[in-house]
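Below is one structure, written out as structure tokens; comments come after it.
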Amino acid sequence: MLAIHSVPPLPRISSSLDGNRARDQEASSSSSIPTPGKIRRLVLSPEGRTKMNSSPDRDFYSFPRFVTHVDDGFISTLTDVFRERLKPGWEVLDLMSSWVSHLPKDVDYKRVVGHGMNAMELARNPRLEYFFVKDLNLEQRLPLEDSTFDAVLCTVSVQYLQYPEKVFAEVFRVLKPGGVFIISFSNRAFYEKAISAWRDGTSYSRVQLVVQYFQCIDGFTQPEIVRRLPGNLDNTTSPLTWLLGLFGLSQSDPFYAVIAYKNFKPI
Numbered sequence: 001m002l003a004i005h006s007v008p009p010l011p012r013i014s015s016s017l018d019g020n021r022a023r024d025q026e027a028s029s030s031s032s033i034p035t036p037g038k039i040r041r042l043v044l045s046p047e048g049r050t051k052m053n054s055s056p057d058r059d060f061y062s063f064p065r066f067v068t069h070v071d072d073g074f075i076s077t078l079t080d081v082f083r084e085r086l087k088p089g090w091e092v093l094d095l096m097s098s099w100v101s102h103l104p105k106d107v108d109y110k111r112v113v114g115h116g117m118n119a120m121e122l123a124r125n126p127r128l129e130y131f132f133v134k135d136l137n138l139e140q141r142l143p144l145e146d147s148t149f150d151a152v153l154c155t156v157s158v159q160y161l162q163y164p165e166k167v168f169a170e171v172f173r174v175l176k177p178g179g180v181f182i183i184s185f186s187n188r189a190f191y192e193k194a195i196s197a198w199r200d201g202t203s204y205s206r207v208q209l210v211v212q213y214f215q216c217i218d219g220f221t222q223p224e225i226v227r228r229l230p231g232n233l234d235n236t237t238s239p240l241t242w243l244l245g246l247f248g249l250s251q252s253d254p255f256y257a258v259i260a261y262k263n264f265k266p267i
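Take the sequence shown: its position 27, counting from 1, is numbered 27 in full-length UniProt numbering, and each next residue is one higher.
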């Protein structure tokens, strides 16, 4: 009968070459792991970022516009979305805000910070604890600390971002883990200030464009899409109403929201 003996391993002689190899392997392994908040790819082409009116945005927004940019139906739907998605006591960043707040009036939040392009408009917003003015098409870095907000909102303004990839990466940075980013929009815009990729698109392609903005950042959850179309297009009994709404010819504003979370969606 053969006896099987274990053979002790030979002592390993380390060398600087082994150390270099180990470091190279570690670096190679870590580089294959996605970095949360990193831009995976660019969504827009250089042409897609262009605007018809290329004058500085600070000049375009230098005077206040105390008007509402969407109708009451849109605002009501948006407020309902905020009521459902945002919890009392949260810290909220209202990105690209104005003098109007769409947050539920009966819900108390710990802190609401506003950002925009016109200080007079932001000063009139009753929900803002404080605000800052910044042109995100010139410089995308937000003057805010990492992981500070439970929610970031961007209402009817995403169409003006020329570098949305960098802005979405910044939003990821300032959100807390599990925090939500809610982008909402309709079919209205300052046409000359909207980027080409938005101007030339359809309602469907614009929704998909915002979905891609989320997907180009490592760490956001799969985006959810909320639609509320004029005349309740899914159930309307009037073919004329259905067709007018389908082609954006209804007097009511269609509502679109694209929503995603940082790292995970809380239960």
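Glycine is no exception: its CB is placed at the ideal position from the N, C-alpha and C atoms. These numbers were taken from a predicted model, which means no experiment stands behind them.
Taking a contact to require three or more Cβ pairs closer than 8 Å, the segment 95–104 and the segment 155–166 qualify as touching. For secondary structure counted as the alpha helix (DSSP H) over 4 or more consecutive residues, the segment 124–212 holds these complete runs in sequence order: 164–174 and 196–199. Ranking PRO64, LYS176, GLY114 and GLY116 by CA distance to the CA of ALA260 puts LYS176 first. The alpha carbon of TYR109 has as its nearest neighbour, out of LEU86, TYR130 and HIS102, the alpha carbon of LEU86. Counting other Cβ atoms within 10 Å of its Cβ, GLY89 stays below 16 and is therefore classed as exposed. Contact check between the segment 159–169 and the segment 36–45: three or more CB pairs, one atom from each, fall below 8 Å, which counts as touching. In the three-state scheme derived from DSSP, where H, G and I count as helix and E and B as strand, VAL70 is classed as coil. Judged by pairs of C-beta atoms under 8 Å, the segment 120–129 does not touch the segment 46–57, as fewer than three such pairs exist. Per DSSP, PHE63 lies in no beta strand (DSSP E) and is assigned neither H nor E.
The beta carbon of SER184 is closer than 6 Å to those of LEU78, THR155 and ALA257 in its chain, skipping five residues each way along the sequence.
Annotated as distal: MET117 and ASP59, with beta-carbon spacing of 8 Å or more. Excluding five sequence positions before and after PHE264, the CB atoms of its chain that fall closer than 6 Å to its own CB belong to GLY178, given in chain order. DSSP links ILE259 through a beta bridge to ILE182 and GLU224. The continuous beta strand (DSSP E) containing LEU93 extends over residues 91–95.
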